[in-house]
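Undergrad: Using the working numbering, you'd call the opening residue of the sequence shown number 1 and step up by one each time.
Note that beta-carbon positions come from the ideal geometry of N, C-alpha and C, so glycine has one too.
Remember, predicted model here, so these are calculated numbers, not experimental data.
Got a structure for you, questions after.
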Amino acid sequence: MEKILVLDFGGQYNQLIARRVREINVYAEIIPYNKISAGEIKAAGYKGIIFTGGPNSVYDENSPHCQSDILETGIPVLGICYGCQLIAYLGGGEICSAGEISEYGKTALTVRSSPLFEGVPGKSVCWMSHTDYVKTPPAGYETIAFTDNCPCAALCNSSKNIYGVQFHPEVTHTEYGKKITENFVKNICKCSGDWTTDDFIESSVKRYREELGGKKVLCALSGGVDSSVAAVLMHKAVGDNLICVFVDHGLLRKDEGNTVERVMKEKMGLNIIRINARERFLTALAGVTQPEEKRKIIGREFIRVFEDVAKEIGKVDVLVQGTIYPDVIESGKGDAAVIKSHHNVGGLPDVMEFETIAEPLRNLFKDEVRAAGRKLGIPEELISRQPFPGPGLAIRIIGEITEEKLDILRESDAIFRQEIARAGLGGEINQYFTVLTNCRTVGVMGDAGTYGYTLALRAVTTDDFMTADFARIPFEVLAKASNRITNEVRSIGRVVYDITAKPPATVEWE
Ligand code: XMP
């Protein structure tokens, strides 16, 4: 399989670079700069290498440097931003700080004729974000682009097929970014661009059929997109040897548990054991008000329920997990501050007796998982669902969780979702839901005074959920949702719209 290596120097757009390459139908993988040697790169058969950006200056004592022999492998290289400066530095060029005139944002770019810029007009707009720049390219390199403030906005050594760009082709604000990436991947690295989701499904099914034929395979369904796609893919490979366990903790949205069971069982033909553990979770959560404690209890109970099921099922050979590529990269990253202890279907390996774990989606990005799910025939209602946190509605009820509050939240959430769908906004907003605050306020209904809960509507737009902005929902849509909720849901006396970005807030309230 043709593949491109994205060598990670810590830049914020690294996943985006890999996605851009995959959008050209070439498989790309991200590896930290210090985790692979020139020899390993050659042996793995990469057709091209992209050095990512990064926050450092190449002269910093602790700045990430790869071995210069990576530039001698004969494999084409494209350095982006810091990656471009590193290429210049390793070749003996001179890097300079732009100081006061550091470039940030959309910038006019002038390019010279080069295989990297085939089909790119002489003048266009690029996205810059840098303080340092290459002042003097190394011997053997020529400058192939510039801006008003950056004398070397791109460089190349055409005999070695090494290129560098100071700007970010992976960002959509770079007008011809896609073309430039395509020129590198297809014309310079000579990739044919034939990697598709179909290939992925076919090769995975074939591989798992061969490797796991006759084995007993278990998959924990969370109801989310990833575990659903992993389960259906695995079912295609091993058929009824796959047992799916769906632990319903009673903290799902309105009708969600039934939908997941119906679709997976009746439509996709999966062998599902649904465990109704609502009471067990509610009992364990009784009186608990702290978010982290809620998360821990849910994680712990989840494992206990699973332990019980595991005893009944007996030893399995393979445990399927819905890990996707961003999880793999994130977990390799080390010590980013823990803001919340996210609970997914984690911890299972400790309680199950099994021989091996299969992670069929570990090389896919979320949108590729969705594409694979559609190809596998999973209905849109499951595939295009917005993300839903493992602890479910428990972290959308501020304070103690009760059955009554869960009902109030479910009804209001369903109405808000209906109104977003009716207004045709579902595709534009990445996550939207309601939050039941613990605050009661005074109101009036008919001639009587009321003292109902305040409900918050939350809706965000985001690329990666690391940062987010509140969605600019038209007032009429908010008005309709508020009106319906206060009329149709008992106990809600006031509705507010959360207009906070992340940071400083998070997407969820707890
Ligand atoms: P925050 O609130 O951290 O949310 O800004 C970012 C994304 O993560 C989801 N989220 C969770 N997902 N377990 C999960 O599986 C959790 O404990 C959890 N907390 C937040 C959130 O819904 C959003 O998509």
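Anyone know if the C-beta pair for I395 and P387 falls short of 8 angstroms?
TA: Locating residue 395 in the sequence shown gives position 395, counting from the first residue. Locating residue 387 in the sequence shown gives position 387, counting from the first residue. Contact: no.
Undergrad: Distance, Cα to Cα, G119 vs K179?
TA: What you label residue 119 is simply residue 119 of the sequence shown in a count that begins at 1. What you label residue 179 is simply residue 179 of the sequence shown in a count that begins at 1. Answer to the nearest angstrom: the Cα atoms are 7 angstroms apart.
Undergrad: Going by beta carbon distance, what residues of the same chain come within less than 6 angstroms of C439, once the five residues before and after it are set aside?
TA: Against the sequence shown, residue 439 aligns to sequence position 439. Contacts found: T454.
Undergrad: Excluding the five sequence neighbours on either side, which residues of its own chain have a C-beta within less than 6 angstroms of the C-beta of R494, listed in chain order?
TA: Position 494 of the sequence shown, counted from the first residue, corresponds to residue 494. Once the five neighbours on either side are set aside, the close Cβ partners of R494 are T441 and T454.
Undergrad: Give me, in chain order, the residues of the same chain whose beta-carbon lies closer than 6 angstroms to that of Y208; leave out the 5 immediate sequence neighbours on both sides.
TA: On the sequence shown, residue 208 is found 208 positions in, with the first residue counted as 1. Once the five neighbours on either side are set aside, the close Cβ partners of Y208 are A237.
Undergrad: When the Cα atoms are used, what is the spatial distance from V318 to K216?
TA: The residue given as residue 318 occupies position 318 in the sequence shown. The residue given as residue 216 occupies position 216 in the sequence shown. Straight-line Cα distance between these residues: approximately 6 angstroms.
Undergrad: Does the stretch 76-86 come into contact with the stretch 159-170, if we say contact requires no fewer than three beta-carbon pairs (one atom in each stretch) closer than 8 angstroms?
TA: Result yes; three or more Cβ-Cβ pairs closer than 8 angstroms.
Undergrad: Tell me whether K215 sits in a helix, a strand or coil according to DSSP, three-state version.
TA: Position 215 of the sequence shown holds residue 215. The answer is coil: DSSP assigns K215 none of H, G, I, E or B.
Undergrad: For Q166, which of helix, strand or coil comes out of DSSP?
TA: Mapped onto the sequence shown, residue 166 falls at position 166. Coil, per DSSP.
Undergrad: Quick check on T323: buried or exposed, where buried means 16 or more other Cβ atoms within 10 Å of its Cβ?
TA: As a working note, residue 323 is residue 323 in the sequence shown. With 16 or more Cβ atoms within 10 Å of its Cβ, T323 is classed as buried.
Undergrad: Going by alpha carbons, who is nearest to L457 out of K480, E175 and Q166?
TA: Against the sequence shown, residue 457 aligns to sequence position 457. Nearest option by C-alpha distance: K480.
Undergrad: With 16 other CB atoms within 10 Å as the buried threshold, where does K515 fall?
TA: The chain is shown only over 1 to 510; residue 515 falls outside these bounds and no answer can be derived.
Undergrad: Considering only DSSP beta bridges, list what C244 is partnered with.
TA: Numbered from its first residue, the sequence shown carries residue 244 at position 244. C219 and I272.
Undergrad: To which residues of the same chain is L252 closer than 6 angstroms at the C-beta, ignoring the five residues directly before and after it?
TA: One-based indexing of the sequence shown puts residue 252 at position 252. So the list reads G392, once near-sequence residues are dropped.
Undergrad: Where does R489 land, buried or exposed, given buried means 16+ other C-beta within 10 angstroms?
TA: Translated into positions along the sequence shown, residue 489 becomes position 489. According to the sequence provided, residue 489 is Val. The question's Arg does not apply to it. Buried.
Undergrad: To the nearest angstrom, how far is the alpha carbon of G446 from that of N487?
TA: Locating residue 446 in the sequence shown gives position 446, where the first residue counts as 1. Locating residue 487 in the sequence shown gives position 487, where the first residue counts as 1. Approximately 12 angstroms, taken between the alpha carbons.
Undergrad: When burial is assigned at 16 or more other CB atoms within 10 Å of the CB, is E355 buried or exposed?
TA: Numbered from 1 along the sequence shown, position 355 holds the residue referred to as residue 355. Burial call: exposed.
Undergrad: Using CA atoms only, rank isn't needed, just tell me which of N187, A230 and G83 is closest to I357.
TA: Numbered from its first residue, the sequence shown carries residue 357 at position 357. With distances taken between Cα atoms, I357 lies closest to A230.
Undergrad: Confirm, please, whether the CB-CB distance from V6 to A38 is below 8 angstroms.
TA: Locating residue 38 in the sequence shown gives position 38, where the first residue counts as 1. Locating residue 6 in the sequence shown gives position 6, where the first residue counts as 1. Against a cut-off of 8 angstroms, the Cβ pair of V6 and A38 comes out as no contact.
Undergrad: Rounded to whole angstroms, how far is the Cβ of M352 from the Cβ of V316, which I believe are closer than 8 angstroms?
TA: Against the sequence shown, residue 352 aligns to sequence position 352. Against the sequence shown, residue 316 aligns to sequence position 316. Their Cβ separation, rounded to whole angstroms, is 7 angstroms, which keeps M352 and V316 in contact under 8 angstroms.
Undergrad: CA-CA distance, L116 and F146?
TA: For the purposes of this step, residue 116 is identified with residue 116 of the sequence shown, where counting begins at 1. For the purposes of this step, residue 146 is identified with residue 146 of the sequence shown, where counting begins at 1. Those two C-alpha atoms are separated by around 14 angstroms.
Undergrad: When you compare the CB positions of T511 and D413, do they come within less than 8 angstroms of one another, or not?
TA: The requested residue 511 is not part of the displayed model; the chain covers only 1 to 510.
Undergrad: By Cβ distance below 6 angstroms, which residues in the same chain neighbour R541 in space, the five residues on each side in sequence not counted?
TA: Nothing about residue 541 can be reported from this structure: the residues present for the chain run from 1 to 510 only.
Undergrad: Is the CB-CB distance between A468 and I429 below 8 angstroms?
TA: Locating residue 468 in the sequence shown gives position 468, where the first residue counts as 1. Locating residue 429 in the sequence shown gives position 429, where the first residue counts as 1. Not closer than 8 angstroms, so no.
Undergrad: By the three-class DSSP mapping on this structure, what secondary structure does Q15 have?
TA: The count along the sequence shown starts at 1 and reaches residue 15 at position 15. Correct three-state label for Q15: helix.
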